[in-house]
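One structure below.
There are 2 protein chains.
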Amino acid sequence: MMEQKPISQAIIKRLPRYYRYLGELIAQGVERISSNEFSKLMGVTASQIRQDLNNFGGFGQQGYGYNVKNLYMEIGKILGIDRVHNIVVIGAGNFGRALAGYSDFERRGFRIKALFDRDPKKVGTDINGIEVYPIDQVQDYIRKNNIEIVALTVPKDAAIALAQTLVGTGIKGIWNFAHTDLRVPKDIIVENVHLSESLMRLSYNIVHRDKVLK
Amino acid sequence: MMEQKPISQAIIKRLPRYYRYLGELIAQGVERISSNEFSKLMGVTASQIRQDLNNFGGFGQQGYGYNVKNLYMEIGKILGIDRVHNIVVIGAGNFGRALAGYSDFERRGFRIKALFDRDPKKVGTDINGIEVYPIDQVQDYIRKNNIEIVALTVPKDAAIALAQTLVGTGIKGIWNFAHTDLRVPKDIIVENVHLSESLMRLSYNIVHRDKVLK
Chain A
1 MMEQKPISQA IIKRLPRYYR YLGELIAQGV ERISSNEFSK LMGVTASQIR QDLNNFGGFG
61 QQGYGYNVKN LYMEIGKILG IDRVHNIVVI GAGNFGRALA GYSDFERRGF RIKALFDRDP
121 KKVGTDINGI EVYPIDQVQD YIRKNNIEIV ALTVPKDAAI ALAQTLVGTG IKGIWNFAHT
181 DLRVPKDIIV ENVHLSESLM RLSYNIVHRD KVLK
Chain B
1 MMEQKPISQA IIKRLPRYYR YLGELIAQGV ERISSNEFSK LMGVTASQIR QDLNNFGGFG
61 QQGYGYNVKN LYMEIGKILG IDRVHNIVVI GAGNFGRALA GYSDFERRGF RIKALFDRDP
121 KKVGTDINGI EVYPIDQVQD YIRKNNIEIV ALTVPKDAAI ALAQTLVGTG IKGIWNFAHT
181 DLRVPKDIIV ENVHLSESLM RLSYNIVHRD KVLK
């Protein structure tokens, strides 16, 4: 499939949600769905869905709706999850362990290959069959094992220092759980999971909910 | 402070980041900052910052810039984190334990009071001093302890069922880590942390990075 124009990050944010709903429809045995039904299910307008999918060449057929399995696979391709991405997790604390224990990622083509920690007591243990290695082996491991993504689940200062040591190893992305912005060259994509900020948005929307609901 | 008009979710998404940078400036002993310096630091345009803050009445003074501490406190008020929010976590697995162990939340006015789990082996244990209670006591606990927010760190199907049992307990928000959308009355605010979707956005931006970088 060819893409004509650059896709906005707003659309990219919505695509995984389409993918999730389509996966659920497949699990329920639904083979096709009209743009209106799909819109009702997802709580967005049918025209929004059509506009979003038109960025990738459409997929809908007039009077037929969407072929669920086909659309699911095409969106999977667009998201790049039709192939495996190898991941290592730095930080074998609770968050690192939670990521390693979460089998749902693997189902979507993400494979956590190893964890790294600076605590000698954690090194050599395993989480869900995934081994914990000493932190000073991480660059070498990345180079030898075709690792694309590093998940950083370490405190802020450690994350900033570690991100610098990862530059030049060939990684393509950092999944950053530290409460800071990382400064790395542009060819390393950073995706932030800032939990404190998520909690502050929740707080805002609670405190101002009369206004939010209007 | 009075707010005139409804604030867009896009601005609400940016406010916690302003708050984080201002907190770091305070830690560094910076007392005031020009709109241009602040803009450079945050990597957004000065006019974006001015526009965002104008929604709340400004704060900047011509030729002086922003008073860092004042702006920090005002944004804290807007975000509703100038007062304590009591939280319980349902699910004492790795994610629940990670949340309970994360002291940074407390610093920001969020206080995790208890965990709940259906596993009798976990009940009665504690994480970071926070006790694990049986899941069937959660409604009662919420009512008696002025709990505003429930963090759901349980699998999808359990999350959907649990969300229904929380309606009417008086909670104001659900911090949802389950990979599903929850359907609850509008007066309960749901803030989703969908990690799989975050990972898919990272995958998209890696696979299409030549286009993304252009």
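Here the protein sequences come in this chain order: A and B. Residue 1 in this note's numbering is what sits at position 1 of the first sequence, and the numbering runs on without skipping anything. Residue 136 in this note's numbering is what sits at position 136 of the second sequence, and the numbering runs on without skipping anything. Backbone N, C-alpha and C define an ideal beta-carbon position, used for all residues, glycine too.
Query	Result
Beta-carbon gap between A/Val132 and A/Val123 smaller than 7 Å	yes
Complete alpha helix (DSSP H) runs within the stretch 14–65 of chain B (minimum length 4 residues, chain order)	35–42, 46–54
Reduced DSSP secondary structure (H/G/I, E/B, other) of A/Gly96	helix
Inside the stretch 138–204 of chain A only - beta strand (DSSP E) runs reaching at least 3 residues	149–152, 173–176, 189–192
Under 7 Å from the C-beta of B/Gly216: neighbouring residues of chain A	Shown here, chain B extends from 1 to 214; a query on residue 216 of chain B therefore has no answer.
Selected residue, minimal CA-CA separation from A/Asn67, among A/Ser34, A/Leu41, A/Phe105	A/Ser34
Delimiting residues of the alpha helix (DSSP H) encompassing A/Ile75	68–78
Closer than 7 Å to chain A by CB, B/Val88	no
Selection from A/Leu195, A/Pro120, A/Asn94 that minimises the alpha carbon distance to A/Ile135	A/Pro120
Exposed unless 16 or more other CB atoms sit within 10 angstroms - verdict on A/Gly76	buried
Per-residue contacts from B/Phe38 into chain A (C-beta, under 9 Å)	Per Cβ cutoff of 9 Å: no residues; B/Phe38 is ~14 Å from chain A at best.
Between the CA atoms of B/Gln9 and B/Gly101 - distance to the nearest angstrom	29 Å
Through-space distance from A/Leu152 to B/Leu115, alpha-carbon basis	25 Å
Endpoints, beta strand (DSSP E) assigned at B/Asp117	110–117
Residue-level contact to chain D via CB, B/Gly173, 7 Å cutoff	Absent from the structure is chain D; the protein chains it does hold are A and B.
For A/Asp210, the three-state DSSP class (helix, strand or coil)	helix
Pick from B/Gly63, B/Asn146, B/Gly93 that is closest to B/Lys172, judged by C-alpha positions	B/Asn146
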